[in-house]
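Trainee: Take a look at the following structure, please.
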Amino acid sequence: MIKAITGIKDILPSEIPSWSHLEEAIHSVFKNYNYKEIRTPVFEETTLFSRGIGEETDIVGKEMYTFTDRSGTSVTLKPEMTAAVVRAYVEHSLGKQQPLNKLYYISPMFRQERPQAGRLRQFHQFGGEAIGSSSPLLDVEMIDIAYNILNNLGLKDILVKINSLGIPGSRERYKEELRNYLAEKKEMLSEDSRRRFDKNILRIFDSKIDNDQNLLKDAPLILDYLDDESKSDFDMVQSMLERLNIPFEIDQRLVRGLDYYTKTTFEIISGSVGSQNALCGGGRYDLLIEQLGGEPTPGVGFAAGIERILLACENENVLNLPEDKIDVYFVLLDNELKIEAFELVHNLRSAGFKVDLDYMDRSVKAQMREANKYSSRFVIFIGGEEYASGKMNVKNMQDGNQFIMPLGNSEELIKWLVEVK
RNA sequence: GUGAGCGUAGCUCAGUUGGUUAGAGCACCAGGUUGUGGCCCUGGGGGUCGUGGGUUCAAUUCCCAUCGCUCACCCCA
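Adding 1070 to a residue's 1-based position in the first sequence gives its number in this note's numbering.
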């Protein structure tokens, strides 16, 4: 048996209602905030991601699905969306058409990691990008949108965490201080953290080892090293979140794993999904557009993981989706009658009603059970007697009442169905 | 890449301290009025017990390998 590749999953019909529900919420909320949808290809030239995300990041270093196409070009299945959106923004000069572009997407992403709860090799993200303004109100807008969507789904166990990484100059000064502070403790750090010390010292804050966290207790804090503008922007973000009644927590240990972030970063975590608990992550990337060959342009965005959000919804049991009922199920005595009734079935379907019938040559009882299984509101029964006398038997499946209607008059039936609907 | 756990019907799982035809619930199919659902009842189909090898008179059960899945680490959505 041929099976799906490790870490990728089919989304089966039984799961589609939750997906559709979430997707509709995403489209609806983004439209409220006046964002326009953008779709980019699933793969790009590899250099877009290595330059955009950062050569030293784990994503680029060990997680990308990269291969060489027949012309010898190295291409990569997109591991995240921001670089791709920025590429499209620059390539099509969207910034020349209007100063601010507010964009959103829903798209599959690919990262070759070991799968676990809430982590897949093909997974789906939705997210927003606002390119063209450095207003911290947009930082807030991003958090607002993400929080809004999660909140509307009914999720309770979520927490917004924010931080500011400052601009490169202030961040470098801070990293220097942190390095000085940890230098003498380096030998006591865990192996992973010693590696982080050399590679990306900020990531030591992510360590799950108690002793590492103890050693960090009196470490210098990044917010004390912010430049004036980052600081006042961050203050604005906080006060505005308060005014919007969005609960949040400042987490100075929140350092995101992509190189392009500047100033505000944020994350929304869930307490109900296991170890991979970030439902959403984002921040400002004021230098990325320039770095990818565009005019210097500020931007801010976020991405959220659909599978993780649905996992949280499932675990918190908050998605009560309406049953998918059909309107009419035709119960027809034999194959001849099915052929006779098929045009009527077609007419009802064309008129917008959900209609089905048996194609398996099954007994009347089995057809009725099928009608029940699909929660059909009505059954239209046509047997030999009815057909001979030009009638059909309409049964209301809720109360069991039956009555006779003339056969062969689609218009009258449709009119009646519209009335009772 | 590292570590741990698990692989028995479509699904969730029992079971065999090695021994004849491997079970349950749900799902599926057929019946319980000759042409009528939900509840209930009866019956039925479906598994080479992940795969390969070893030990043994005998393996689904023990051993080894392999593949797959799951969870965790790393990192991230």
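Every residue, glycine too, gets a C-beta built ideally from N, C-alpha and C.
(1) On a CA-only basis, which of A1200, L1235, D1280 and R1265 is nearest D1294? Give me that one, please.
(2) Going by DSSP, which residues form a beta bridge with H1194?
(3) Inspect the beta-carbon positions of I1359 and V1156 and report whether they are closer than 7 Å.
(4) Is the number of C-beta pairs between the stretch 1126–1140 and the stretch 1312–1326 that are closer than 8 Å three or more?
(5) Using a Cβ-Cβ cutoff of less than 6 Å, which residues in the same chain neighbour S1277 once the five nearest sequence positions on both sides are dropped?
(6) Where do the ends of the alpha helix (DSSP H) carrying K1435 lie?
(7) Nearest to D1214 by CA position, among I1474, S1240, P1185 and M1310, is which residue?
(8) With three or more beta-carbon pairs closer than 8 Å as the criterion, would you say the stretch 1073–1082 touches the stretch 1134–1153?
(9) Shortest alpha-carbon distance to M1430 belongs to which of F1473, M1306 and N1405?
(10) Grab me the residues of G1122's own chain with a C-beta within less than 6 Å of its C-beta, minus the 5 sequence neighbours each way, in chain order.
(11) Return yes when the Cβ of A1458 is within less than 7 Å of the Cβ of V1449, no when it is not.
(12) Under 7 Å between the Cβ atoms of G1197 and A1373?
(13) When you compare only the Cα positions, how much space is there between E1246 and I1274?
(14) If you follow the alpha helix (DSSP H) that V1099 is in, where does it begin and where does it stop?
(15) Distance check for K1073 and Y1244, CA to CA, integer angstroms please.
(16) For my contact list, G1077 and P1185 are in at a C-beta cut-off of 8 Å; report their separation, rounded to the angstrom.
(17) Tell me which residues share the same chain as P1087 and place their Cβ nearer than 8 Å to its Cβ, disregarding the 5 neighbours each side in the sequence.
Mentor: Taking the coordinates as given:
(1) L1235
(2) P1178
(3) yes
(4) no
(5) S1263
(6) V1434 to K1443
(7) M1310
(8) no
(9) N1405
(10) A1153 and L1362
(11) no
(12) yes
(13) 14 Å
(14) I1086 to N1102
(15) 49 Å
(16) 4 Å
(17) L1391 and D1394
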